[in-house]
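Everything below concerns the one structure shown next.
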Amino acid sequence: MRPADLMRRTAFRLALGVTLFVLTAIVLASAIGYSLLRQQLVARQDARVTEIFTALQETSQSGDETDLVEAVTTRIKASPDFATVYLLRGLEGKVLAASVPDMWFKPGWSTVEAASLHVPADYPYRMFAASVHGYSIVVGLTDADLDDLAEISFGAFGWSALGVLIAAIGAGALIAARIQARINTVEATLHRVALGDLTARLAVSPKGDDLDQIFRAINHTLARLGGLVEAMRQVSADIAHDLRSPLNRLRIKIEAAAEAEGKGQPAAADLAAALAESDAIDQTFSALLRIAQIEAGTVRQKFRRLDLSVVLEAVVEVYAEVAEDAAMTLTSLTQSPAFIEADKDLLTQALANLIENALRHCPPGTAIACSVEADATGIRACVQDNGPGIPEAERENVLRRLYRLEKSRTTEGSGLGLALVKAVAEVHDAQLSLTDAGPGLKAILDFHHVPG
Ligand SMILES: Nc1ncnc2c1ncn2[C@@H]1O[C@H](COP(=O)(O)OP(=O)(O)OP(=O)(O)O)[C@@H](O)[C@H]1O
Ligand SMILES: [Mg+2]
5 MRPADLMRRT AFRLALGVTL FVLTAIVLAS AIGYSLLRQQ LVARQDARVT EIFTALQETS
65 QSGDETDLVE AVTTRIKASP DFATVYLLRG LEGKVLAASV PDMWFKPGWS TVEAASLHVP
125 ADYPYRMFAA SVHGYSIVVG LTDADLDDLA EISFGAFGWS ALGVLIAAIG AGALIAARIQ
185 ARINTVEATL HRVALGDLTA RLAVSPKGDD LDQIFRAINH TLARLGGLVE AMRQVSADIA
245 HDLRSPLNRL RIKIEAAAEA EGKGQPAAAD LAAALAESDA IDQTFSALLR IAQIEAGTVR
305 QKFRRLDLSV VLEAVVEVYA EVAEDAAMTL TSLTQSPAFI EADKDLLTQA LANLIENALR
365 HCPPGTAIAC SVEADATGIR ACVQDNGPGI PEAERENVLR RLYRLEKSRT TEGSGLGLAL
425 VKAVAEVHDA QLSLTDAGPG LKAILDFHHV PG
């Protein structure tokens, strides 16, 4: 990975951010540590100076100048390396003993450079000057530790900072590379999807970390998308296939009309048949569009609270005469009220489709029984007949668009009635089931209650 690429990686940038934070913490900690240690060392040095000064002060108490000069001289001799320096001035201001040149010292504490004292030491001196019984005593002490301290502190800071920096950059690069590898698989998978392979899925690791959760969600979305695209493809293929025969029939009828016309024979009958065929095609298209509209779900905006029993009774009334003409019985048994949130026109259409199916696909003498029942679990509408029924294996298929049982090919219709009922059920959050009425078919619509 190139450095510029590395900088673009979130993980690496995070690692760098943490490093900067840690470095700032190290600088602060070092500064605080340095200042505390320095205070300690200075205090130690001052204590040592005070100790010497007190000893000399005690000597001076005897009032014997020779004793004091002697004490200072002994101390000067004991420190040939100038670790401690002294200056003793007499009552008239004359220097009585000294390891440094005659010069004025500020009374109290001061820090003086070795160079100013003209001594061959490398480090500054802590000096204490005071007047005792008329004598002026100056004591100074140098401490190499004090200067070493800064060097040690900065050295320690430098090394730890370097260590942290290397560790953080290394860890950042490692984490970034690992995450990048997984991101690369996402890119590759989505690229495959973009090329049309909807079966491509992301590998989810057993760790179940946050990336795995996202991968699982993407896989779920891909599966849904794949299902939808497959359904769409199926529908388009079905439509293309099933519309071919009516279009062919239309063509044959137009050709027949043209031929009759050419021979000078009447073409009216063929033209009428062609018109009927084109009307049928038009109806099929309208029904397909209507199903697509219902499935889009926008119809929900028109939902109102209504009594399902009232809707069913109205549909049964409309078909009563048709049933009688077909030598069938159409009865209804409803329980009111049975309130649901629904679109009245769609419900009417769905119930009509179920009754029309019984009328169309059952022989004369069939009994069609419709009902609405309401109980604590929900509201159920049924349309039941005692006709030939639908074989169990075909009950899923007949819900598909344009699907008709083999034996029904000769009857009128396009195989869209049940697909519409299913779409209406779904948009109402209801469950459509086809069951055996032994003999016959029982179509059930289970709705949710709407309180109040
Ligand atoms: N009550 C029934 N008894 C027996 N078979 C049925 C019944 N209802 C539907 N079917 C079978 O299910 C198929 C699909 O029904 P669907 O209502 O979707 O289409 P259709 O009735 O053939 O045509 P359309 O309703 O579009 O005019 C029918 O062709 C028929 O074979
Ligand atoms: Mg039908």
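Numbering-wise (this note's numbering), the sequence shown opens with residue 5 and increments by one. Backbone N, C-alpha and C define an ideal beta-carbon position, used for all residues, glycine too.
A Cβ-Cβ separation of about 5 angstroms places Val454 in contact with Phe343 under the 8 angstroms criterion.
Within the region 119-193, the runs of beta strand (DSSP E) at least 3 residues long that lie entirely inside it are, in chain order, 129-136 and 139-146. Residues Ala427 of the same chain have their beta carbon placed closer than 6 angstroms to that of Glu299, with the five preceding and five following residues left out of the count.
Per DSSP, reduced to three states, the secondary structure at Thr370 is coil, with no helix or strand assignment. Using a Cβ-Cβ distance cut-off of 8 angstroms, the region 243-258 and the region 276-289 are in contact, since at least three pairs of beta carbons, one from each stretch, lie closer than that value. With contacts defined by Cβ atoms closer than 9 angstroms, Val89 and Gly144 form a contacting pair. Asp106 and Leu92 have their C-alpha atoms spaced approximately 10 angstroms apart. Per DSSP, the continuous alpha helix (DSSP H) segment holding Ala300 begins and ends at Ala272 to Ala300. Pairing Ala276 with Ala262, the inter-Cα distance amounts to about 13 angstroms. Around the beta carbon of Pro128, 16 or more other beta carbons sit within 10 angstroms, so the residue counts as buried. With a cut-off of 8 angstroms, the C-beta of Arg364 is classified as near ligand 2, since at least one heavy atom of the ligand falls inside that distance. Contact check between the region 343-359 and the region 426-441: three or more CB pairs, one atom from each, fall below 8 angstroms, which counts as touching. When the beta-carbon positions are compared, Ala75 and Ala59 come within less than 9 angstroms of each other. The residue among Ile372, Ala19 and Tyr407 with its C-alpha nearest the C-alpha of Ala180 is Ala19. In terms of Cβ geometry, Leu312 and Ala385 form a close pair [threshold 9 angstroms].
In the structure shown, Gln435 adopts extended strand secondary structure according to DSSP, grouped into three states. With a cutoff of 8 angstroms, Gly393 does not count as near ligand 2, since its C-beta is closer than that to no heavy atom of the ligand. With a cutoff of 9 angstroms on beta-carbon distance, Asn361 and Leu445 are scored as near each other. DSSP lists no bridge partner for Gly200.
Using a Cβ distance threshold of 9 angstroms, Val239 and Asn223 do not count as a contacting pair.
At least one heavy atom of ligand 1 sits closer than 8 angstroms to the Cβ of Arg408. As computed with DSSP, Ala101 is found in a beta bridge with Leu92. Counting only heavy atoms of ligand 2, the residues whose C-beta sits closer than 5 angstroms to one of them are, along the chain, Asn361 and Gly421. Taking Thr439 as the centre and dropping the five residues before and after it, the same chain places the C-beta of Lys446 closer than 6 angstroms to its C-beta, in chain order.
Between Phe132 and Thr54, the CB-CB gap stays under 9 angstroms. CA-CA distance, Pro210 to Ile218, rounds to 13 angstroms.
Note: Trp113 is bridge-paired with Phe132 in the DSSP secondary-structure output. Counting C-beta atoms within 10 angstroms of its own C-beta, Asn252 has fewer than 16 neighbours from the protein chains shown and is therefore classed as exposed.
Here Ser140 is buried, its C-beta having at least 16 other C-beta atoms within 10 Å. Secondary structure within the region 319-358: the beta strand (DSSP E) runs of 3 or more consecutive residues, fully enclosed, are 333-338 and 343-346 (chain order). Within the same chain, Asn223 come within 6 angstroms of Arg205 by CB-CB distance, once the 5 residues on both sides are set aside.
Per the C-alpha coordinates, the member of Leu316, Ser34 and Ala318 positioned closest to Glu155 is Ser34. In this structure, Asn357 has its CB closer than 8 angstroms to one or more heavy atoms of ligand 1. When secondary structure is reduced to three states using DSSP, Glu416 falls in the coil class, being assigned neither helix nor strand. Considering only Phe161, His122, Trp108 and Asp152, the residue with the shortest C-alpha distance to Val31 is Phe161.
Judged by DSSP in its simplified three-state form, Arg309 adopts strand.
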